[in-house]
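For the sequence shown, counting from 1, position 99 maps to 1456 in our numbering; every step adds exactly one.
Glycine included, every Cβ here is placed at the ideal spot set by N, Cα and C.
See below for the structure under consideration.
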Amino acid sequence: MSAPALPCAVLPPASVLPPASVVPAAAVVPAASLLPAASVGSDVDWMHAALTVSRLAPRVDTRYAVGAIVVDHDGSILATGYTGETDPHEHAEEAALAKITPGTDLSRATIYTTMEPCTHRRSRPASCTRLVVAAGLGRVVLALREPLHFADCDGVDTLRLAGVDVVELPDLAHHVRDVNAHVLTAGQAG
Ligand SMILES: [Zn+2]
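This is how it looks when you write it as structure tokens:
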């Protein structure tokens, strides 16, 4: 049995990934080389990569801008996604998981998502929490629990009850708040 080939399209454009200081501006560097390598990539590194992806999301004041990256156990990137990637209602986790071939074994993979997967959706039949569980992902790493702004979600508890390993990186939550200042700042002011 051979593993299904991954389309190149799962990688975001190189322009979104780099700290500019890492690479000379004129250099052409494959996107993957700008992400953590398997041997050095920590949860914090991958979350920073997910934050970079989240900055691709259009800023709309009715939704958060979230980024997600699915990483296999060997450090290979299976997919990335961000809010509103293919339609205005699409969530980051949903966008990433949609790029993965159905039937792929994700039991040893991790999805890094900048914000807690949702448990309530108005525009879709399945929440991202359900999609994550249905995909068989073994591990979820997130930086910020969803604020009580649009919905009261309990993705962390729901995932743990479903047997998914959940890791939170609260030290990086302020980056997620920065990316979502278009929502959170307005909410606090109002
Ligand atoms: Zn969602």
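Residue i to residue j span [Cα, whole Å]
| i | j | result |
| --- | --- | --- |
| Gly1512 | Leu1413 | 23 Å |
| Ala1422 | Gly1520 | 27 Å |
| Leu1499 | Thr1476 | 14 Å |
| Glu1525 | Ile1434 | 20 Å |
| Pro1415 | Arg1502 | 20 Å |
| Arg1465 | Val1427 | 11 Å |
| Val1401 | Ser1480 | 31 Å |
| Leu1516 | Asp1444 | 25 Å |
| Asp1418 | Met1472 | 16 Å |
| His1446 | Thr1440 | 8 Å |
| Gly1495 | His1430 | 10 Å |
| Ile1457 | Arg1534 | 28 Å |
| Cys1510 | Ala1452 | 19 Å |
| Ala1530 | Leu1408 | 10 Å |
| His1539 | Ala1455 | 27 Å |
| His1532 | Trp1403 | 13 Å |
| Asn1537 | Ser1411 | 10 Å |
| Val1523 | Ala1436 | 19 Å |
| Pro1527 | Arg1478 | 24 Å |
| Arg1487 | Phe1507 | 19 Å |
Cβ-based burial, residue i [other Cβ within 10 Å; buried from 16]
| i | result |
| --- | --- |
| Val1497 | buried |
| Thr1542 | exposed |
| His1405 | buried |
| Pro1459 | exposed |
| Pro1482 | exposed |
| Leu1505 | exposed |
Residue(s) in a DSSP beta bridge with residue i
| i | result |
| --- | --- |
| Asp1522 | Arg1496 |
| Ala1491 | Ala1491 pairs with nothing; no bridge assigned. |
| Thr1471 | Answer is none; Thr1471 lacks a bridge partner. |
Whole-Å CB distance - residue i paired with residue j, under 8 Å assumed
| i | j | result |
| --- | --- | --- |
| Gly1432 | Gly1398 | 5 Å |
| Cys1485 | Glu1450 | 4 Å |
| Met1492 | Leu1463 | Residue identity check: residue 1492 is Ala in the sequence provided, not Met. With a Cβ gap of about 5 Å, Ala1492 and Leu1463 count as contacting. |
| Ala1425 | Thr1470 | 4 Å |
| Val1490 | Ile1468 | That pair is no contact at about 11 Å. |
What residue ranges within the segment 1423-1459 form continuous alpha helix (DSSP H) runs of no fewer than 4 residues, ordered along the chain? With a minimum length of 4 residues, the continuous alpha helix (DSSP H) runs that stay inside the segment 1423-1459 are 1449-1454.
Unbroken alpha helix (DSSP H) runs of length 4 or more, entirely within the segment 1398-1426: which are they? 1400-1411, all fully within the segment 1398-1426.
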